[in-house]
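Chemist:
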Amino acid sequence: MKPNKQVTKALAEQSKKKVPANVVLKTYKRILGYVKRHWVFFIIGIIGTILSAGIDAGLTWSLKPLLDKGFIDHNQQFISLLPFMVLAAFFLRGFASFLSGFFIQSVGRNVVMQLRKEIFDKLLLLPSRYYDKSTTGEILSKLIYNVDQVSAASASSLIMVVRESFFIIGLLIVMFSISWRLSSLFFLVAPFIAITASYSSSKMRRYGRRLQNGMGDLTQIAEEAISGYKVIRTFGGGEYERDKFYSLVKHNRRREMQLIATNQLASPIVQLIVSVIIAITIYMSITSVGTITAGGFASILAAMLAIIKPLKNITNVNNVIQRGVVGAEGIFELLDKPEEIDQGKHTIDRVKGLVEYRQVNFAYDEKEKTVLHDINLLVEPRQTVAIVGKSGGGKTTLVSLLPRFYDNYQGEILIDSVNVKDFTLENLRHQFALVSQHVTLFNDTVAKNIAYGKATDVSLAEITAAAKTAHALEFIKDLPDGFDTIIGEGGVLLSGGQRQRLALARAVLKNAPILILDEATSALDSESELYIQDAMQRLMKDRTTLVIAHRLSTIENADKIIVVEQGRIVEVGTHKELLKLGKHYAKLYHMQFKEKNFLKPEDIQATPAYET
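Sequential numbering from 521 applies to the sequence shown in our numbering.
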């Protein structure tokens, strides 16, 4: 299937989702809840907005005395005061506009800050299942794009609605004060304006939701193309990625044009409706001679012409509000997701390291197949246990349950005879250090990456000692700024072996009683592996260690080896015991090594293709 067809199908499915009007109202009320937190600034902004709108309406009304007293009656007292009145009016208008714009926009920026803080805090607390099922682009789109849309709906739209509403009220007062008969005609068109606004609202909300979803997909494709540029270029995937990106850009443009067309069509319809009333008013004013002065006619006509713009703006602001509501739906959906369960009360400074699994069964989701079956395992304190088996057999999942990255398992997992669910999450994870094949480093200095999570409590001497233990000091001293060298996103400026040694140094510094090594030496060259194996041996000393092994040479001295196949423990024993048993582990071992010589073709044919 071509990428553009996939995109078309995905967007079509997304656009079918309909949100009831009461849900939309509830969402917008929740947006306004963030505005209420800054009510002082908001009130000041509203006062400025009302004052500005009132002055604008007053300037429209001033046409009546200007014509009647100034041009017709030539009232000298009025004429002498006129320049000062104009200057005062525009000075007040400028001051009011500043109050309105500055304080309302300040509220909007505070809403953005608050939402982004809440989203980021939530992301730090969501369970692993959320990340398993969400794309990076989708999450970043909510953090950046959606929040900006909500800001516009909570600040810019509010200031426009308030200003234009009060301007319209002021103009209506002007019109009714001059001639209530002519002005009452205006209310005949109000239902038609309301119908137009309601119809355009539903359309724009639907198109806005499609556009919002498309932005998440767009961000995801761009993020993948940036982070995976080497793979894309090596395998010639540029055209494929370009096709995906162009297809989404095209669909997003179409959504945007539908949004624009709906918005732009609503404004002329409103103006056309209003123009009918203006035409009738002009006709009646001219034919009803003596019932209205020249100044009154000029004022009422100016008010009717002026009222078109705020009506148009209110129709346009509906677009901003609808986008904001759609953006808020995605944000609030994220904020309302349940966090990791953390109801434990037990804390301890340092566990002894006794680990036990009792009849543990696990599936990532209730509807998915079981990944782990009847796991029973005992690891004594300071014991090193290696876990081997086929890829996808459940090795990483098995150790991921220990620090409670997943909670929805059956059975019991205990540390020092205490159920891990009885620990507080913070205290439980304080007992672990993790080093995996895919090292996570941050775009920061070497020192801060080693001391990650406790940077303020660690001296440079301690960081240096940890780096020395992990054989990282050898290359750190050759870096341009030593420990102060910025290593780039993901440690991109370092080699694979160097990144792995930094990860080991981080684990050394944490000095946790339980260590998890998840294929920490796979995909390394021989020299790097020697350094890291030595560092690992130092790190593993006097602590409970669970090793997911790729190269079996690294686990021959393990106290216990667990062989996992299809989510079940099929063998347990020492290296010698399992070799003597001659089953799964022995076949796996002889597949990789045969007295550390190259295998013969007949060995390969006779041995099942096991891997870790």
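The beta-carbon is built from N, C-alpha and C at its ideal position, and this holds for glycine as well.
Since ILE1036 and LEU1066 should fall inside the 8 Å C-beta cutoff, what is the C-beta to C-beta distance between them, to a whole number of angstroms?
Modeler: About 5 Å; that satisfies the 8 Å criterion.
Chemist: Quick one: what does DSSP say ALA1069 is sitting in, helix, strand or coil?
Modeler: Coil, per DSSP.
Chemist: Counting along the chain, where does the beta strand (DSSP E) carrying LYS1030 start and finish?
Modeler: No beta strand (DSSP E) holds LYS1030; the alpha helix (DSSP H) holding it covers 1016-1030.
Chemist: Skipping 5 residues on each side, what residues in its chain have a beta carbon closer than 7 Å to that of THR917?
Modeler: So the qualifying residues of the chain are PHE882, VAL891 and LEU892.
Chemist: What ranges does the alpha helix (DSSP H) occupy inside the stretch 600-685, keeping only unbroken runs of at least 4 residues that lie completely in it?
Modeler: Listed in chain order, the complete alpha helix (DSSP H) runs (minimum 4 residues) inside the stretch 600-685 are 648-653, 656-661 and 667-671.
Chemist: According to the neighbour-count rule (16 or more other Cβ atoms, all chains shown, within 10 Å of its Cβ), is MET777 buried or exposed?
Modeler: Label assigned to MET777: exposed.
Chemist: Is any non-hydrogen atom of the ligand FAD found closer than 8 Å to the C-beta of LEU1059, if you look at the structure I gave you?
Modeler: Among the ligands in the structure shown, none appear at all, so the ligand FAD cannot be discussed.
Chemist: Using 8 Å for Cβ pairs, my map puts LEU831 next to ILE688. What's the rounded Cβ distance?
Modeler: Yes, they are in contact, since the Cβ atoms of LEU831 and ILE688 sit about 7 Å apart, within 8 Å.
Chemist: If contact is defined by three or more beta carbon pairs under 8 Å, each pair taking one atom from either stretch, is the stretch 1081-1089 in contact with the stretch 903-920?
Modeler: Segments in contact, yes.
Chemist: Assign GLY844 to buried or exposed, taking buried as 16 or more other Cβ atoms, counted over all protein chains shown, within 10 Å of its Cβ.
Modeler: Buried.
Chemist: When you compare only the Cα positions, how much space is there between ASN947 and ILE935?
Modeler: Going from the Cα of ASN947 to the Cα of ILE935 covers about 12 Å.
Chemist: Taking a contact to mean a Cβ-Cβ separation below 9 Å, would you say LEU586 touches LEU607 in this structure?
Modeler: Against a cut-off of 9 Å, the Cβ pair of LEU607 and LEU586 comes out as no contact.
Chemist: Tell me which residues share the same chain as PHE686 and place their Cβ nearer than 6 Å to its Cβ, disregarding the 5 neighbours each side in the sequence.
Modeler: If we look at PHE686 and ignore the five residues flanking it on each side, its Cβ neighbours are ILE570 and ALA573.
Chemist: Which one of GLU1009, ILE861 and ASP1001 has the shortest CA to CA distance from THR960?
Modeler: With distances taken between Cα atoms, THR960 lies closest to GLU1009.
Chemist: Within 10 angstroms of the Cβ of THR867, are there 16 or more other Cβ atoms? Answer buried if so, exposed if not.
Modeler: Exposed, since its Cβ has fewer than 16 Cβ neighbours within 10 Å.
Chemist: Just verifying my parser: in three-state terms, what is the DSSP assignment at GLY909?
Modeler: Correct three-state label for GLY909: strand.
Chemist: I need the DSSP call for HIS771, collapsed to helix, strand or coil.
Modeler: Three-state result, HIS771: helix.
Chemist: Looking only at C-alpha atoms, which of ALA1078, ALA1069, SER582 and LEU644 sits nearest to GLY815?
Modeler: For GLY815, the nearest C-alpha among the options comes from SER582.
Chemist: Quick check: GLN740 and THR655, are their CB atoms within less than 9 Å of each other?
Modeler: Yes, Cβ-Cβ distance for GLN740 and THR655 is below 9 Å.
Chemist: Using the Cα positions of THR1127 and LEU1098, report the straight-line distance between them to the nearest angstrom.
Modeler: Here THR1127 scores only 36 on pLDDT, less than 50, and its place in the model is too uncertain to base an answer on.
Chemist: Output yes or no for whether 9 Å exceeds the beta carbon distance between LYS857 and TYR548.
Modeler: No, the pair does not count as a contact, with Cβ atoms beyond the cut-off.
Chemist: Counting pairs of beta carbons, one from the stretch 608-627 and one from the stretch 658-676, are three or more of them closer than 8 Å?
Modeler: The stretch 608-627 is in contact with the stretch 658-676.
Chemist: Just grab the DSSP bridge partners of ILE983 for me.
Modeler: Its beta-bridge partners do not exist; DSSP assigns none.
Chemist: Taking only three categories from DSSP, how would you classify THR580?
Modeler: DSSP places THR580 in helix when its eight states are reduced to three.
Chemist: Going by C-alpha to C-alpha distance, which of LEU874, ILE820, HIS991 and VAL769 sits closest to MET735?
Modeler: The candidate whose alpha carbon is nearest that of MET735 is VAL769.
Chemist: State buried or exposed for LYS662, treating a residue as buried only when at least 16 other CB atoms are found within 10 Å of its CB.
Modeler: It is buried - the Cβ of LYS662 has at least 16 other Cβ atoms within 10 Å.
Chemist: Whole angstroms are fine: how far does the CA of GLY628 sit from the CA of ALA986?
Modeler: Cα to Cα, ALA986 sits roughly 46 Å from GLY628.
Chemist: Looking at GLY568: is its Cβ nearer than 9 Å to the Cβ of ALA609?
Modeler: No.
Chemist: Tell me ASP862's beta-bridge partners as DSSP assigns them.
Modeler: Paired residue(s): none; ASP862 is not in a bridge.
Chemist: Looking at C-beta atoms only, is the number of pairs between the stretch 920-937 and the stretch 979-998 that lie closer than 8 Å three or more?
Modeler: The stretch 920-937, when compared against the stretch 979-998, does not touch it at the 8 Å Cβ threshold.
Chemist: I think VAL880 touches ILE841, with their Cβ atoms under 8 Å apart; what is that distance to the nearest whole Å?
Modeler: Not really, about 50 Å apart at Cβ, beyond 8 Å.
Chemist: Can you name the residues that DSSP bridges to ALA953?
Modeler: Answer by DSSP bridge pairing, in chain order: LEU1035.
Chemist: If GLY873 sits next to ILE1075, beta carbons under 8 Å apart, how far is it from one beta carbon to the other, in whole angstroms?
Modeler: Not confirmed; about 18 Å, so no contact.
Chemist: Using CA atoms only, rank isn't needed, just tell me which of ILE812, ARG774 and ILE834 is closest to PRO788.
Modeler: Comparing Cα-Cα distances from PRO788 to each of ILE812, ARG774 and ILE834, the minimum goes to ILE834.
Chemist: Using a Cβ-Cβ cutoff of less than 8 Å, which residues in the same chain neighbour GLU1091 once the five nearest sequence positions on both sides are dropped?
Modeler: Around GLU1091: ILE1081, ILE1082, VAL1083, LEU1098, LEU1101, LYS1103, HIS1104 and TYR1105.
Chemist: Between VAL846 and ASP668, what straight-line distance do the alpha-carbon atoms span, to the nearest angstrom?
Modeler: Going by the C-alpha atoms only, they are around 12 Å apart.
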